[in-house]
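Q:
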Amino acid sequence: MSANLARLNATIKFQFLYNKNKLLKAENSHLKLQQKDADEQLRCIEAQVGIEYIQAGDDADVENDEGEQIDDGGQQSSTNVKVEKDDQQHASDDALKSKIFKDLVGESFKILLGLQKLDAQHLPGYPMGIGEGTDKWPKDPATGKDLIRFDWRVGKHDDSINTAGLQRVVDRIRLVGPQMGDAMKGILLAILPGQIEKSVQSKYMRMAGEYRKADKKRKRVDEDDDLGDDVEIVDGGLDRAHMNSRVQSKLDAHKRKCRSNECDEKWQDPKYDSAFILNAMSDDEDDPEQHPGEARTFLTMEPEWRSLELSALFAAIDEVKDPRPDQAKLVKQWRRAAEQKTGPPPLARTLATHIHSWMVKTVILEENADWFDSGCVAHSGEAWGEEEPRELVKDRKGKGKAQDSRTAKKVIVCQRNTVNEASMSVLETAQQKLGKILEGIDDVDILFN
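Put into C-alpha cells, the structure is as follows:
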C-alpha cells in the first residue's frame, strides 16, 4: 500500500513539474514577444527623434556626465564627413540656382551663338554640309572666330555634333566668371566638379525643346496641305510627311516638265515613271545660312544612294522650262548642298511609293540587300530586266516583309494548324493523367467525401 502511494505521489509530482515547465516556457515566449515589440517601438521613436547610437568597443572611453571625449573608433569622424559633404552639396545647388550664375550661362550661349536675343525664334540651325573651320562656317563679325552651332533636332546634349559647342560654353564660364568680381568667384568655388557641365547641358536641353516646338509650329504654317502617303520619322526630327510636303511642288514641276515637248523623249519612256514619287525627291532641309528676316530658303540634299541614271534623269528635267509654273511656289528658294545625305531610302507602305532598284547605286544595293525586305526598295520589273516587284505583307505589328500573297496565306494556315495540334496534344496528355489517377472510379465526388 505504501509503495502504491509513493508511486502515486511521484506521478503527481512529475505532472506538477511538467506543467510548471510548460508554464515557464510559455511565459518566456511571451516575454520575448514583449521585448521584440518594445524594441520595435524604440526604433520607431529613435527614427522620429533622430537619435543615433554609436557602438563602441570594449576598450572605448564613453563620454561621462562631465563631458570627457569619446573614442568612437572613427565613426564620429565619418559622420562629420557626411555632414560636411551634405553642406557642400547644398552650397553647390544654391550656387547653380543663383541668378548671377544662370545669367552667365545664358550670356555665354548668346555670345557664342552670335545672337542678340536667346529665344526659340532666333536660334540658328546647324549648317548641314558646311564643315566647321571653313570659310562658309558662321563667324563672329567682331572677332572673326567661328560661332558655335547645335543640331537642336537631335534632342541629345551628348551627341558628337553638339559636344564641341557645349564645351566652349563651359570654358567661357570658367574664363569669364572669375573676372566678374568676388561674388562670382565665390559661386564658382562653391560649385562641385562636373556640375557646371550638367548645368550647361540642362540649358541646352531646354533650348532644344523650345526650338523643336517653334520649328514644328512654323512648318505647320508654311507647308502645303498635301502630306503624301508615307509618314516616317527621319534623322533630325522632321517627319516624312512634312518633308514630303516641302518637295511636293518640286515633284509636280518635274512631272509637268517631263510631259512637255522640250523634254528628251528618252526620259518619257514609261519605265522611268517610277522615279516620279515623293520618296525619290531630294530632301529640302532648313538653310543654316538663312538669317532672321530674310526670305525662307531650303538646302537641297541629294541622297547618297541615288544612282547615276536617276541623277541624270533629274538633271535633264531641271534644264527643261516649266510649261505651267506654280506662281505661289516661285517665291521659295533652293540651293544645293555640297554634301550628300546618308542613310537608307524612305520606308514605303505601298508598291507605288517604293524606290525601285534601278534608282539605287549597285554598290550600295549589294551592301544593303535587306532593303528589299524592309520596305525601302522594290525590284524594277521586266522593263529593267528584273523580276516584278512584290507587295509588302504586314504582320500584326505593322512591319512589312516582301512576299507574295500565296506564301503569306500558307504561313498563316501552317501557324494556325500548329497551334491547334499543340493544344490537342496537351489536352490528351491531361486526360491520360486523370485516367491513371481515377483508376476506373466513375463517381469523382467520392474522392472528396
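Just so we're aligned: 926 in my numbering is position 314 of the sequence shown, and the numbers increase by one with no gaps anywhere.
Idealized CB from N, CA, C, for every residue including glycine.
Spatial neighbours of E809 within its chain, please: CB distance less than 7 Å, with the 5 preceding and 5 following residues excluded, ordered by chain position.
A: Counting only Cβ-Cβ distances below 7 Å, and skipping sequence neighbours, we find V782.
Q: Jot down the residue ranges of each uninterrupted beta strand (DSSP E) in the stretch 693 to 779, minimum 3 residues, whole runs only, in chain order.
A: Counting only runs of 3 or more, we get nothing.
Q: Using the Cα positions of K862 and R761, report the straight-line distance between them to the nearest angstrom.
A: Roughly 29 Å separates the two Cα atoms.
Q: Do you know offhand how far V717's Cα is from I785's?
A: Straight-line Cα distance between these residues: approximately 7 Å.
Q: Are three or more beta carbon pairs between the stretch 921 to 928 and the stretch 877 to 894 nearer than 8 Å?
A: With the cut-off at 8 Å, the stretch 921 to 928 and the stretch 877 to 894 touch.
Q: Taking C-alpha atoms, which residue in G793, S720, L730 lies nearest to Q779?
A: Closest option to Q779, Cα to Cα, is S720.
Q: Leaving aside the five residues before and after V859 along the sequence, list all residues of the same chain whose C-beta is less than 8 Å from its C-beta, in chain order.
A: These residues qualify, in order along the chain: L890, M893, S894, D895, D896.
Q: Less than 8 Å separating the beta-carbons of R824 and W764?
A: For R824 and W764, yes; Cβs fall inside 8 Å.
Q: Verify whether the separation of the beta carbon atoms of Y738 and I773 is less than 8 Å.
A: Taking 8 Å as the Cβ cut-off, Y738 and I773 qualify as a contacting pair.
Q: So, using beta-carbon positions, are Q952 and P915 closer together than 8 Å?
A: Yes, the pair counts as a contact, with Cβ atoms nearer than the cut-off.
Q: Excluding the 5 residues flanking K878 on each side, which residues of the same chain have their C-beta closer than 7 Å to its C-beta?
A: Nothing meets the Cβ criterion.
Q: Please report the straight-line C-alpha distance between N633 and L643, rounded to a whole angstrom.
A: In a straight line, the C-alpha of N633 is about 15 Å away from that of L643.
Q: With which residues is V972 paired in a DSSP beta bridge?
A: V972 is bridged to R918.
Q: Which one or two residues does DSSP pair with V989 in a beta bridge?
A: Looking at the DSSP assignment, V989 forms a beta bridge with I967.
Q: Under the three-state reduction of DSSP, which class applies to E664: helix, strand or coil?
A: Note on E664: pLDDT 48, under 50, position unreliable in the model; no value is reported.
Q: Going by beta-carbon coordinates alone, are A949 and M913 separated by less than 8 Å?
A: Against a cut-off of 8 Å, the Cβ pair of M913 and A949 comes out as a contact.
Q: Give me the Cα-Cα distance between G821 and D731, rounded to the nearest whole angstrom.
A: Taking the straight line from one Cα to the other gives about 11 Å.
Q: Could you tell me whether the Cβ atoms of S969 and S986 are closer together than 8 Å?
A: Not in contact: S969 and S986 (Cβ atoms no closer than 8 Å).
Q: Less than 7 Å between C-beta atoms, sequence neighbours within five positions excluded: which residues of the same chain meet that for S811?
A: Counting only Cβ-Cβ distances below 7 Å, and skipping sequence neighbours, we find L708, V717.
Q: Following the continuous alpha helix (DSSP H) through A802, name the residue where it begins and the one where it ends.
A: From DSSP, the alpha helix (DSSP H) with A802 extends over 794 to 802.
Q: By Cβ distance, which residues of its chain are closer than 7 Å to I803, with the 5 residues on each side in sequence left out?
A: Closer than 7 Å at the Cβ level, and outside the excluded window around I803, lie S704, A707, L708.
Q: Could you say which of F984, L645, L800 lies nearest to L787 if we only look at CA atoms?
A: The candidate whose alpha carbon is nearest that of L787 is L800.
Q: Am I right that G745 and D758 are in contact with their C-beta atoms under 8 Å? What's the rounded C-beta distance?
A: Right, their Cβ atoms sit about 6 Å apart.
Q: Report the three-state DSSP secondary structure of F888 (helix, strand or coil).
A: Three-state DSSP puts F888 in coil, outside helix and strand.
Q: Assign R1002 to one of three DSSP states: helix, strand, or coil.
A: Coil at R1002, not helix or strand.
Q: Grab me the residues of D934's own chain with a C-beta within less than 7 Å of its C-beta, minus the 5 sequence neighbours each way, in chain order.
A: Excluding residues within five positions, the ones whose Cβ falls inside 7 Å are A865, R868, K869.
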